[in-house]
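*Asks:*
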Amino acid sequence: YQDYGEIYFVWQIDFRGRVYPIQTLLNPQGDDRVKSLLHFAQKKSVDAKALQWFKIHGANCYGEDKISFDDRVKWVESHSEEILHIFEYENPLQESIFLGKANKKYQFLAFAIEYKRYIHNPKAFQSSLPIAIDGSNNGFQHISALLRDINGAKKVNVLPSGADVPADIYQEVAKQTKQILQKEMDNFDATSVIKQEEDGRSFIKDILPLVNRSMVKKGVMTDSYGAGLKAKTEQIVE
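The opening position of the sequence shown corresponds to residue 458 in the working numbering, with each subsequent residue numbered one higher.
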């Protein structure tokens, strides 16, 4: 498709209102490599607000997405030299240590190419780079909004949490799960929820170090889509 000035995507909407591109492989919902190849057909001038989101996108692609928006902008500005240094290598993806540490290497490289253009001529800079903004557990975002649940809305960033950094419901669930398990281990007796296990205390001790954000994420994410106890148990075992 590189020979075409513009390409279009055909989209379909399912009964839930979810939107999917019909084309396979190359589409805006593809993996890191695919997304890095796609730009909007028309470039736009970048004002101060757009420049802020441009830099936030760069930090997000690198993996610096758990800090405040202001800190993400500062992260890009403080790493400007390393970003530009990427292009001193003949094959940045294989040779650049800095690029190699990026969470989304290809999308960060696409950002770096645009960033280099911006640095060389900021006044004339125009960009067609898609800026991705991810949700914080979309299912619970909708539920908290529909129920006007203020506490829940803060947990999933529908409302400001009051902290400098975005709320992270997955980390919160992991933290509370560890606290529950620790309490079970400290107070293990015949009334324990896992009293069926003779080695219950040892069992908890083995599991406790494994409980982290990644372990609980899928169960929390799919809860709002109707995942039951059996499905979530299988996810954790997997």
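Ideal placement from N, C-alpha and C gives every residue a C-beta, glycine not left out.
If valine 467 sits next to glutamine 480, beta carbons under 8 Å apart, how far is it from one beta carbon to the other, in whole angstroms?
*Replies:* Counted from its first residue, the sequence shown places residue 467 at position 10. Counted from its first residue, the sequence shown places residue 480 at position 23. Valine 467 to glutamine 480, Cβ: 7 Å. Contact.
*Asks:* To the nearest angstrom, report how far apart leucine 495 and serine 659 are at their CA atoms.
*Replies:* For the purposes of this step, residue 495 is identified with residue 38 of the sequence shown, where counting begins at 1. For the purposes of this step, residue 659 is identified with residue 202 of the sequence shown, where counting begins at 1. Their backbone Cα atoms lie some 51 Å apart in a straight line.
*Asks:* Hey, how far is the Cα of leucine 638 from the Cα of leucine 566?
*Replies:* Translated into the one-based positions of the sequence shown, residue 638 becomes position 181. Translated into the one-based positions of the sequence shown, residue 566 becomes position 109. In a straight line, the C-alpha of leucine 638 is about 42 Å away from that of leucine 566.
*Asks:* Starting from proline 623, follow the alpha helix (DSSP H) in both directions and report where the run begins and ends.
*Replies:* The sequence position of residue 623 within the sequence shown is 166, counting from 1. Careful: proline 623 lies outside any alpha helix (DSSP H) and carries neither H nor E.
*Asks:* Cβ of tryptophan 428 within 7 Å of Cβ of isoleucine 588?
*Replies:* In this structure the chain extends from 458 to 695, so residue 428 is not present and cannot be described.
*Asks:* Once the 5 residues before and after lysine 674 are set aside, which same chain residues still bring their CB inside 8 Å of it?
*Replies:* Here residue 674 refers to the residue found at position 217 of the sequence shown. Taken in chain order, the residues that qualify are Tyr627.
*Asks:* Does the contact criterion of 3 or more C-beta pairs under 8 Å hold for the stretch 571-581 versus the stretch 539-547?
*Replies:* yes
*Asks:* Rounded to the nearest angstrom, what separates arginine 475 and asparagine 595 at their Cα positions?
*Replies:* As a first step, residue 475 is located in the sequence shown; it is residue number 18 there, counting from the start. As a first step, residue 595 is located in the sequence shown; it is residue number 138 there, counting from the start. Rounded to whole angstroms, arginine 475 to asparagine 595 spans 12 Å at the Cα level.
*Asks:* Assuming alanine 624 contacts asparagine 669 under a Cβ cut-off of 8 Å, what Cβ separation, rounded to an integer in Å, is found between them?
*Replies:* Locating residue 624 in the sequence shown gives position 167, where the first residue counts as 1. Locating residue 669 in the sequence shown gives position 212, where the first residue counts as 1. With 8 Å as the limit, alanine 624 and asparagine 669 do not qualify as a contact, their Cβ atoms being about 17 Å apart.
*Asks:* Assuming asparagine 484 and cysteine 518 form a contact by the criterion Cβ under 8 Å, report the distance between their Cβ atoms to the nearest whole angstrom.
*Replies:* One-based indexing of the sequence shown puts residue 484 at position 27. One-based indexing of the sequence shown puts residue 518 at position 61. With 8 Å as the limit, asparagine 484 and cysteine 518 do not qualify as a contact, their Cβ atoms being about 19 Å apart.
*Asks:* Alanine 569: buried (16+ other C-beta within 10 angstroms of its C-beta) or exposed?
*Replies:* Sequence index remark: in the sequence shown, residue 569 carries index 112 (1-based). Alanine 569 should be labelled buried.
*Asks:* Taking DSSP as the reference, what is the three-state secondary structure of valine 613?
*Replies:* Here residue 613 is taken as the residue at index 156 of the sequence shown, counted from 1. In this structure, valine 613 counts as coil in the three-state DSSP scheme.
*Asks:* Going by the CB atoms, is the gap between alanine 610 and leucine 616 shorter than 7 Å?
*Replies:* For the purposes of this step, residue 616 is taken as residue 159 along the sequence shown, with counting starting at 1. For the purposes of this step, residue 610 is taken as residue 153 along the sequence shown, with counting starting at 1. The answer is yes: Cβ separation under 7 Å.
*Asks:* Could you give the residue range of the beta strand (DSSP E) that holds isoleucine 470?
*Replies:* Translated into positions along the sequence shown, residue 470 becomes position 13. Here the beta strand (DSSP E) through isoleucine 470 covers 468-470.
*Asks:* By how many angstroms is the C-alpha of lysine 512 removed from the C-alpha of glycine 520?
*Replies:* Residue 520 sits at position 63 when you count from the first residue of the sequence shown. Residue 512 sits at position 55 when you count from the first residue of the sequence shown. Each residue's Cα considered, the two are about 13 Å apart.
*Asks:* Along the beta strand (DSSP E) that carries tyrosine 477, what are the first and last residues, could you check?
*Replies:* As a first step, residue 477 must be located in the sequence shown, where it is residue number 20. For tyrosine 477, the uninterrupted beta strand (DSSP E) run begins and ends at 476-478, by DSSP.
*Asks:* Work out the CA separation of glycine 515 and phenylalanine 497 for me, nearest whole Å.
*Replies:* Locating residue 497 in the sequence shown gives position 40, counting from the first residue. Locating residue 515 in the sequence shown gives position 58, counting from the first residue. Here the alpha carbon of phenylalanine 497 sits roughly 17 Å from the alpha carbon of glycine 515.
*Asks:* Return the first residue and the last residue of the alpha helix (DSSP H) that alanine 569 is part of.
*Replies:* The sequence position of residue 569 within the sequence shown is 112, counting from 1. Counting along the chain, the alpha helix (DSSP H) containing alanine 569 begins and ends at 562-577.
*Asks:* Starting from the C-beta of glycine 676, find all residues in its chain whose C-beta is less than 6 Å away, skip the five residues before and the five after it, and write them out in chain order.
*Replies:* For this step, residue 676 is matched to residue 219 along the sequence shown. Answer for glycine 676: Lys689, Gln692, listed in chain order.
*Asks:* I need the straight-line Cα distance from proline 549 to phenylalanine 472, nearest angstrom please.
*Replies:* The residue you call residue 549 lines up with position 92 of the sequence shown. The residue you call residue 472 lines up with position 15 of the sequence shown. For proline 549 and phenylalanine 472, the distance between alpha carbons rounds to 43 Å.
*Asks:* In this structure, does DSSP put lysine 501 in helix, strand or coil?
*Replies:* Indexing the sequence shown from 1 puts residue 501 at position 44. In the structure shown, lysine 501 sits in a strand (DSSP, three-state: E or B).
*Asks:* Taking the alpha carbon of tyrosine 682 as the reference point, which residue from Met672, Ser601, Phe597 has its own alpha carbon closest?
*Replies:* Here the question's residue 682 lines up with position 225 in the sequence shown. It is Phe597 whose Cα lies nearest to the Cα of tyrosine 682.
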